[in-house]
Every structure is written in C-alpha cells, then in structure tokens.
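So the structure is just underneath, and the comments pick up after that.
Protein chains: 2
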Amino acid sequence: MTEARRVHVRISELSRRSGVPVATIKYYLREGLLPKGEATSSTQATYGATHLRRLRLIRALVEVTDAPLVKVRAALDAIDDRGMDVHDLLGSAQHAFFADAKAAKADDTGEREAEERAAALLAELGWSVTDHSPARDQLARAIATMDRLGRPVGDEMLRVYAAAARMVAEEDLRCLDPEAPREEMVEYAVAVSAVMERALMALRLLAQEDASARRFDGDRPAEGRPRRMDD
Amino acid sequence: MTEARRVHVRISELSRRSGVPVATIKYYLREGLLPKGEATSSTQATYGATHLRRLRLIRALVEVTDAPLVKVRAALDAIDDRGMDVHDLLGSAQHAFFADAKAAKADDTGEREAEERAAALLAELGWSVTDHSPARDQLARAIATMDRLGRPVGDEMLRVYAAAARMVAEEDLRCLDPEAPREEMVEYAVAVSAVMERALMALRLLAQEDASARRFDGDRPAEGRPRRMDD
Chain A
1 MTEARRVHVR ISELSRRSGV PVATIKYYLR EGLLPKGEAT SSTQATYGAT
51 HLRRLRLIRA LVEVTDAPLV KVRAALDAID DRGMDVHDLL GSAQHAFFAD
101 AKAAKADDTG EREAEERAAA LLAELGWSVT DHSPARDQLA RAIATMDRLG
151 RPVGDEMLRV YAAAARMVAE EDLRCLDPEA PREEMVEYAV AVSAVMERAL
201 MALRLLAQED ASARRFDGDR PAEGRPRRMD D
Chain B
1 MTEARRVHVR ISELSRRSGV PVATIKYYLR EGLLPKGEAT SSTQATYGAT
51 HLRRLRLIRA LVEVTDAPLV KVRAALDAID DRGMDVHDLL GSAQHAFFAD
101 AKAAKADDTG EREAEERAAA LLAELGWSVT DHSPARDQLA RAIATMDRLG
151 RPVGDEMLRV YAAAARMVAE EDLRCLDPEA PREEMVEYAV AVSAVMERAL
201 MALRLLAQED ASARRFDGDR PAEGRPRRMD D
C-alpha cells in the first residue's frame, strides 16, 4: 500500500503533501478541477488519495506545460467521463491539449496540400488514427509553415520524424500498466504525454547542440557532403 | 535566382508577398523585430529579400509556436549578433526560446536529484553540451515532475527518448546547408527547431493513438503479453 492510499486528511495536510497552497486548492475546488472532499461538518471536509493524485496531476500539467487552466480542465473532464474507454480517453485528453490547433485550420491551398501530405504520410505508415484530430492538423500546419518559409520538408525528414515519434510512443504505452484502475491509467497517460513531451523537446535541442558542436564549432570544415550554395 | 532575391518593394507589396498585414509589419518595424527599409523619401521606404525572409520567419515563429513576441525578438537578436559563430547561434537562439525554463530553477532536493540524473544521462550519451542551458533545466524539470507524480521515469525510458531525439537532431542538421550565408543558415535552423518541434509532438500523439488502438480499442485483448483488465 502506497502513502497515497492512506491519506484521508484536511485541506491543510493535503496542501502540505501536495506542495500546493491552500488558497490554490480552494480555487481548484471552486473551479471544479478538483472534486469536493467528504464533508465532516458544514465548514470542513477531508480529502483522500484520489484528491492528492489529482492535485499532483493538475500541478504537473500547469507547471511543466504552461497549459492554461481551461485546457487542464478539458483534459480532466475527459478523464472523468466514464462513458469513454481507455483508447477514447487517450485520444480525448490529447485533443483537449491540442484544441487550439483547430482554430487555425486550413483555409488556403497551401494548407490543404499540407493536409494531403500529412494524410499520405500516415497512410504510408499504416497508422490507425482518426480522420480529424488536432494532432493531424498540427502536423499539416507545420508542413505548410515550412513551405511558406520557402523550405519545404522532404519526405525523408518526415519519415525520420515519424520513426522517432513511433519509438517514443511505444515506450510511452509500454509503461502503462493495463491492470491499473482506469482513472489511474489515464491520469498517468496524460501526465506522460504532457510532461515527457517537454523532456523530448529538451533532448532534441541538446542533441542538436551536440551535433552542431561536431559540425560547426570553431568553424571547422563541415562534415558530410560539402555543397555549393546556389541561389 | 529565387523570387526572394528580386524583391525591392514598398510596404504594401511586402505585405502581399508575405501575407502579413501592413499594420502588423509597421508594428514589427517599430518594435525592431524587422530592420528598417531603405528610405526613398521622408515617408516611404522599400524592402528587399532580407525583409521578406525575416518577415516569414517571424510569422512562422509567432503563428506555429505561439511564442510571445519577446521570445521571437530574443531569437532574432541572436541571429543578428554577428559576433557569434553558427554553433553559438544555434545554442543562443535555442536559449532564447527556452528562457522561461530558467525561471523555475531547482530549489529543492527533488529538483537537484533530477538535475543529477539529467547530467548522468548526458554523460552516458557522451553529448557535448553546455553545463548550464535551459534545455538541460527543462529535461531535469520533467524528470522531477514525474517523480513528484509518484511515477519516476526509468533509465530505459530516458534512453529511448534520447535515441529518438538524436535521430531527429541528426536529420535537422543534415538539412542545414553549410555553404549558405550565415544568416540564412541560422534563420533556417531556428525555423526547423521551432516549427518541426510541433510536427514531432503531433507525430508522437498520432503514434500514441495508433499504439493505443492496437492495445486498447474496443477492449480487445492487448497484443503482446495479454493480461486481465482489473478495473
């Protein structure tokens, strides 16, 4: 039995264990991000393991991802919707985090072409994904933006990115315990998606720095295939 | 010779070619994000290829990454600092984009332990990276957050993430033309870092959706090692 299982405490102790100030906890309660405690009098309530876990998740999402509260709430609503199975939930919580991608949807030819390239890539990969998802839009938007910069992304680059994404996603899923209670599993999936995304971004920049050191530092001659600029 | 080389136009034409409204261009000029044009009278100026390229970069950074203008400006300042070589610039423009990571620096034991784990991982990988960088802090912060959630990240997961990040970073660098003018190369590096980051995040979510479909959809038995759902 973990520490989390044994708690059944007042708000002050919940604050101490979670590291979240009492005033912030009260705010989350008012906003419905955190479910109400069990009332022990007209002015007091106690909080259990679920509250502590949920509070830590909110804190992680807010602090690490800088996501606005409205997004955190949408992700939590998805977790709390008992009509959804785990796969729906993974999709839904993701969509909650990518909801703004939808706002800047394809409205010109370049964007539509980029959507077609994204669709073609996913078809080539054989990935089973929903037709309309914010993640798909976001991929298309990145492709369209590189086009607009006059630096279209090659197929080879997209394939390398997809292979890397696949490796990471398999690892993410491998770490999900299929025997955990549904809510815990989904909370974990949301946390891994959001928090480890930051780790992946950071590692990419560090790897770029290392690769750049090998290639450019001190203006040593470039490795690989030297080319003449033609422009 | 590309279209970009031939422009030498008024602000209205610069607006048409870049898709950025005249009022926005004037705002960027006032804020110093875009260098002034060549004055042709006391009230008019013309703009060249550099302006168009820079404007497209600003637009890409603002629209795709939702970065605040202050960050875009810091990245552009790094590009414009002629004292830096390309490797410095890659680091510096990155740091400009990760400047907020520094604000939430290690202040407790958990964070310091996470910093040590990040350092140990980088040492194991043999990556040549600066001791103090926002990307390193961001990695440590993600590790510390998973700890606080009671779900510490295993070494194996970190290694998989690092390998995926490495693949992507090598591809990013491969697409840099070492003979391009310094400013163009760095502008491209910044664009690829920022814009393709969104593509990578989107592909990870799509790959998670696919992996989850194989494993959970319709509550079919999980592939691989079938186990009972206990919920």
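Sequence order for the protein chains is A and B. The opening residue of the first sequence carries number 1 in the UniProt record's numbering; numbering runs sequentially from there. The opening residue of the second sequence carries number 1 in the UniProt record's numbering; numbering runs sequentially from there. For each residue, glycine too, the CB sits at the ideal point set by N, CA and C.
List the residues that DSSP assigns as beta-bridge partners of residue i.
| i | result |
| --- | --- |
| B:T43 | Its beta-bridge partners do not exist; DSSP assigns none. |
| B:G48 | B:H8 |
| B:E38 | B:T46 |
Given that residue i touches chain A, what residues does it touch there, using C-beta distances under 7 Å?
| i | result |
| --- | --- |
| B:V195 | A142, T145, M146 |
| B:G91 | E209 |
| B:L173 | Q208, A211, S212, R215 |
| B:A75 | Ordered by position in chain A, no residue passes the 7 Å Cβ test against B:A75, which lies about 13 Å from the chain. |
| B:L29 | Simply none; closest approach about 20 Å. |
| B:A78 | Correct list: empty, because the minimum Cβ distance to chain A is about 14 Å. |
Along the chain, where does the alpha helix (DSSP H) that runs through residue i open and close?
| i | result |
| --- | --- |
| A:V153 | Careful: A:V153 lies outside any alpha helix (DSSP H) and carries neither H nor E. |
| B:A135 | 134-148 |
| A:E115 | 109-125 |
| B:K71 | 69-80 |
| B:V20 | No alpha helix (DSSP H) contains B:V20, which DSSP labels as neither H nor E. |
| B:S92 | 86-97 |
| residue 259 of chain B | This structure leaves residue 259 of chain B out entirely; chain B is present only between 1 and 231. |
If you draw a straight line from the alpha carbon of residue i to that of residue j, how long is it in whole angstroms?
| i | j | result |
| --- | --- | --- |
| B:L200 | B:L149 | 25 Å |
| B:I58 | A:M146 | 12 Å |
| A:V168 | B:R214 | 16 Å |
| A:A211 | A:S193 | 26 Å |
| B:T65 | A:S41 | 48 Å |
| A:A119 | A:S15 | 47 Å |
| B:R73 | B:P35 | 12 Å |
| B:M185 | B:G126 | 26 Å |
| B:G48 | B:F97 | 27 Å |
| A:P134 | B:D137 | 29 Å |
| B:Y85 | A:G37 | Reading off the sequence shown, one finds Asp at residue 85 of chain B, where the question assumed Tyr. Approximately 58 Å, taken between the alpha carbons. |
| A:L55 | A:R17 | 10 Å |
| A:H95 | B:T46 | 44 Å |
| A:L122 | A:L206 | 28 Å |
| A:I25 | A:D77 | 17 Å |
| B:L69 | B:L61 | 9 Å |
| B:E209 | B:S128 | 34 Å |
| B:D177 | A:R82 | 52 Å |
| A:L139 | B:E124 | 32 Å |
| B:D80 | B:H132 | 23 Å |
| A:S92 | A:I11 | 30 Å |
Buried or exposed: which applies to residue i, given that a residue is buried once 16 or more other Cβ atoms fall within 10 Å of its Cβ?
| i | result |
| --- | --- |
| A:Q44 | exposed |
| A:P152 | exposed |
| B:E111 | buried |
| A:V20 | buried |
| A:G32 | exposed |
| B:R30 | exposed |
| B:G154 | exposed |
| B:A23 | exposed |
| B:A165 | buried |
List, in order along the chain, the chain B residues whose C-beta lies closer than 7 Å to that of residue i?
| i | result |
| --- | --- |
| A:S128 | D210, A213 |
| A:V86 | F216 |
| A:Q44 | The premise fails here: A:Q44 is roughly 26 Å from chain B at the closest Cβ pair, so nothing lies under 7 Å. |
| A:A135 | A202, L205, L206 |
| A:V64 | R141, A142, T145 |
Would you mind telling me which residues of chain C sit closer than 7 Å to residue i, beta carbon to beta carbon, in chain order?
| i | result |
| --- | --- |
| B:V160 | The structure shown contains no chain C; the protein chains it does contain are A and B. |
Output, in chain order, the set of chain B residues within a Cβ distance shorter than 8 Å of residue i.
| i | result |
| --- | --- |
| A:R151 | Y188, A191, V192 |
Against residue i, what residues of chain A qualify as contacts under a CB-to-CB distance less than 8 Å, listed in chain order?
| i | result |
| --- | --- |
| B:R56 | R148, L149, G150 |
| B:L122 | L206 |
Using a cut-off of 9 Å between C-beta atoms, extract the partners of residue i located in chain A.
| i | result |
| --- | --- |
| B:R198 | A101, Q138, L139, R141, A142, T145 |
| B:A60 | T145, M146, R148, L149 |
| B:A164 | A163, A164, A165, R166, M167, V168, E171, L200, L203, R204 |
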